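I have placed the structure first, in the form of structure tokens, so that the comments after it can refer back to it.
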Amino acid sequence: MKKKWASIKANLPAAVLLAVLVLFWELVSRTAGIAEYILPAPSAIAVSLADNYSLLLEHAGVTLSAVLSGLALAVVVALLLATAMDRWATLKQAVYPVLVISQAIPIFALAPLMLIWFGVGLLPKVLIVALVCFFPLAVNLVEGFDQVDREAVELMQTMHADRWMIMRSVQLPSALPYFFSGLKIAATYSVLGAIIGEWLGARAGLGIYMLRAMNSFRTSDLFASIIVVIILSLAFFKLVEVSGWLVMPWRRKTHKISED
Amino acid sequence: MIFIEKLSMENVSSTYYSGTQRLAVLEDVSLHVGEGEFVSVLGPSGSGKTTILKIAAGLLKPDRGRILINGKDITGAPQLVGYMPQQDLLFPWKTLKQNAALPLLAVKTGKREAYRRVEEMLPVFGLEGFADYYPVQLSGGMRQRAALLRTMLVESNLMLLDEPFAALDALTRESMQDWLLDIWRRFRRSVLFVTHSIDEAIYLSDRICVISERPGKNALEQVIELPRPRTKAMMVTKEFTLYKQLFINALAS
Numbered sequence: 033m034k035k036k037w038a039s040i041k042a043n044l045p046a047a048v049l050l051a052v053l054v055l056f057w058e059l060v061s062r063t064a065g066i067a068e069y070i071l072p073a074p075s076a077i078a079v080s081l082a083d084n085y086s087l088l089l090e091h092a093g094v095t096l097s098a099v100l101s102g103l104a105l106a107v108v109v110a111l112l113l114a115t116a117m118d119r120w121a122t123l124k125q126a127v128y129p130v131l132v133i134s135q136a137i138p139i140f141a142l143a144p145l146m147l148i149w150f151g152v153g154l155l156p157k158v159l160i161v162a163l164v165c166f167f168p169l170a171v172n173l174v175e176g177f178d179q180v181d182r183e184a185v186e187l188m189q190t191m192h193a194d195r196w197m198i199m200r201s202v203q204l205p206s207a208l209p210y211f212f213s214g215l216k217i218a219a220t221y222s223v224l225g226a227i228i229g230e231w232l233g234a235r236a237g238l239g240i241y242m243l244r245a246m247n248s249f250r251t252s253d254l255f256a257s258i259i260v261v262i263i264l265s266l267a268f269f270k271l272v273e274v275s276g277w278l279v280m281p282w283r284r285k286t287h288k289i290s291e292d
Numbered sequence: 035m036i037f038i039e040k041l042s043m044e045n046v047s048s049t050y051y052s053g054t055q056r057l058a059v060l061e062d063v064s065l066h067v068g069e070g071e072f073v074s075v076l077g078p079s080g081s082g083k084t085t086i087l088k089i090a091a092g093l094l095k096p097d098r099g100r101i102l103i104n105g106k107d108i109t110g111a112p113q114l115v116g117y118m119p120q121q122d123l124l125f126p127w128k129t130l131k132q133n134a135a136l137p138l139l140a141v142k143t144g145k146r147e148a149y150r151r152v153e154e155m156l157p158v159f160g161l162e163g164f165a166d167y168y169p170v171q172l173s174g175g176m177r178q179r180a181a182l183l184r185t186m187l188v189e190s191n192l193m194l195l196d197e198p199f200a201a202l203d204a205l206t207r208e209s210m211q212d213w214l215l216d217i218w219r220r221f222r223r224s225v226l227f228v229t230h231s232i233d234e235a236i237y238l239s240d241r242i243c244v245i246s247e248r249p250g251k252n253a254l255e256q257v258i259e260l261p262r263p264r265t266k267a268m269m270v271t272k273e274f275t276l277y278k279q280l281f282i283n284a285l286a287s
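Those protein sequence lines, which keep their order, are chains A and B.
Everything in the first sequence is counted per our numbering, starting at 33 for the first residue and increasing by one.
Everything in the second sequence is counted per our numbering, starting at 35 for the first residue and increasing by one.
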């Protein structure tokens, strides 16, 4: 109970600031006579949200499927590559710098290529999401594997544990916190990646919804879709946090027994 | 019948390389541990005591010399031994039970059987009721006992203990020593015990090998003829003090 109060209290300043800003925005747009297609009032955005509720959900669903498949693909590839790089030092020396260089290519430049190669379906979006998510995941995993305690591995060797058991009981769990901090970054990038992909060409998705709203100067609809994107990103971020909390129960335990 | 030592290290030399620097860690060190014997390696910090254990466990290959376990040359090949490093190295992501079961699971014991055997041993190690606790929830003494339980469950008759009580406060340390002797008497393992505490070495050991400061060399080997079971009262006897004087001199020279 006490803890709950503390968390409400900690979030209060931000909530108040947000409320004041929205209120100020509403006031300005009502009194200053700004055209709705330039800056719609928050109330107008809320109306747009309510009116297009089911349509927005439909498009969000399309975006979400690209995000989820892309993220899953990135996780699998990053895990495989990081494991291989940890196992073979030469591979790491070869691949790691290339990985870093590849990050200098802006995704806006790569995304059109994906569309040329793979059309306007789901696949190019999945690939774009995977591309933006892959890097933070792989780099964090590599770092996580680097941090593994050498003594712990040696201890396992004196027990005659095989390589797979050492991987499972030492290397993977000690890299998990790194993996999750990479996943947090990836989760926020992933929604962005999907929307960029949709902008460039798609049949459905939040990116396309935005594009259509923009082209017909329905600015309140545009704002409504931005809000959906924000909610989606936040929900994703939270989901990653919660799964980290579930997967690493030892991280939430604290000292219980006094010295004997 | 030829007498075979449990562990013998013969004329072992080891050098530590760091970039262009080379540091002689051990120079021509020999020692042995008999079946069921408790042998301590006593030396100042930085005398390469940990290196001795790593070489004995086959984790490190010496530049010269060889290591025999049960008469077999195992130099530089990781052996199935009860090795306990300086930090307890309990894995924070595993519960006490899961940590202690590792040596059994490593040699393909079934999970249920492994956990059953851990549970069976918990009372002996004063850990009853803590099977599902994570290491972070345990006190320093309990963590050391858990690590020792894990070491005991390695199916090997040889235990290599690297200053297991160095991180504990004096009182906990003393009770852990008595407790270790009790466990040792029950299970009769051959022990190579590394420490920099003279009192601890005398109190625990059948025999003590003093290693000099870097590079580590054999400085003195002394059998401790105090009767067993040892009691804390012995620590104020004349014999104990004489041994102590001997080791102080050996370490000073």
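Where is the CB? At the ideal position from N, CA and C, for every residue including glycine.
Note that the structure is a prediction, hence the values are computed from the model and not measured.
- In the structure shown, the three-state DSSP call for residue 199 of chain B is coil.
- Between residue 281 of chain B and residue 260 of chain B, the gap from beta carbon to beta carbon reaches 8 Å or more.
- For residue 58 of chain B, the enclosing beta strand (DSSP E) begins and ends at 55-67.
- Residue-level contact check: residue 199 of chain B does not touch chain A, since none of the beta carbons of chain A fall below 8 Å from its beta carbon.
- Closest by C-alpha distance to residue 247 of chain B, out of B/78, B/72 and B/62, is B/78.
- At least one CB atom of chain A sits nearer than 8 Å to the CB of residue 114 of chain B.
- Here DSSP, grouped into helix, strand and coil, assigns residue 95 of chain B to coil.
- What residue 50 of chain B touches in chain A, judged by beta-carbon distance under 9 Å, is nothing: the nearest beta carbon there is about 14 Å away.
- At a beta-carbon threshold of 7 Å, the residues of chain A lying near residue 117 of chain B are 187 and 190, ordered along the chain.
- Taking each of A/83, A/47, A/56 and A/45 in turn and checking the Cα distance to residue 257 of chain A, the smallest one comes out for A/83.
- In the three-state reduction of the DSSP assignment, residue 256 of chain B falls in the strand class.
- Between residue 179 of chain B and residue 160 of chain B, the C-beta spacing is below 8 Å.
- In its chain, beyond the 5 residues on either side, no residue has a beta carbon closer than 8 Å to the beta carbon of residue 44 of chain A.
- With respect to residue 197 of chain A, residue 58 of chain B sits apart: the two C-beta atoms are not nearer than 8 Å.
- Proximity of chain A to residue 263 of chain B at the Cβ level (cut-off 7 Å) is not reached, the minimal Cβ distance being about 22 Å.
- Using beta-carbon distances, residue 127 of chain B counts as an interface residue toward chain A, with a partner under 8 Å.
- Shown here for residue 177 of chain B: same chain residues with a beta carbon closer than 7 Å to its own, the five before and five after excluded, namely 122, 124 and 169 in chain order.
- Excluding its 5 nearest sequence neighbours in each direction, residue 72 of chain B has C-beta neighbours in its own chain below 7 Å: 218, 225, 227, 238, 239 and 240, listed in chain order.
- In this structure the stretch 75-94 of chain B lies against the stretch 39-48 of chain B, because at least three pairs of beta carbons, one per stretch, are closer than 8 Å.
- Secondary structure of residue 55 of chain A (DSSP, three-state): helix.
- Of all residues in the stretch 137-149 of chain B, those with a C-beta nearer than 8 Å to a C-beta of chain A are 137, 139, 140 and 141, reading in chain order.
- Separation of residue 268 of chain A and residue 166 of chain B (C-alpha to C-alpha, rounded to the nearest whole angstrom) is 32 Å.
- One thing to note: residue 188 of chain B has its Cβ within 8 Å of the Cβ of residue 116 of chain B.
- By the Cβ rule, the stretch 95-103 of chain A counts as touching the stretch 214-234 of chain A, because three or more pairs are nearer than 8 Å.
- One alpha carbon belongs to residue 273 of chain A, the other to residue 242 of chain B, and they sit about 53 Å apart.
- Along the stretch 235-249 of chain A, none of the residues has a CB nearer than 9 Å to a CB of chain B.
- A direct Cα-Cα distance of roughly 19 Å separates residue 282 of chain A from residue 214 of chain A.
- One alpha carbon belongs to residue 38 of chain B, the other to residue 106 of chain B, and they sit about 10 Å apart.
- According to the DSSP secondary-structure assignment, residue 229 of chain B is paired through a beta bridge with B/76.
- Assignment of beta-bridge partners to residue 44 of chain B by DSSP yields B/100.
- Within the stretch 156-182 of chain B, those residues whose Cβ lies closer than 9 Å to any Cβ of chain A are, in chain order, 160, 164, 167, 168, 169, 170, 171, 172, 173, 174, 175 and 176.
- In the structure shown, residue 82 of chain B adopts coil according to DSSP, grouped into three states.
- At a cut-off of 8 Å between beta-carbon atoms, residue 196 of chain A makes no contact with chain B.
- Spanning the alpha carbons of residue 194 of chain B and residue 208 of chain B requires a straight line of approximately 20 Å.
- What residue 184 of chain A touches in chain B, judged by beta-carbon distance under 9 Å, is 119, 123 and 125, going in chain order.
- Contact with chain A is found for residue 91 of chain B, since one of that chain's Cβ atoms lies less than 8 Å from the residue's Cβ.
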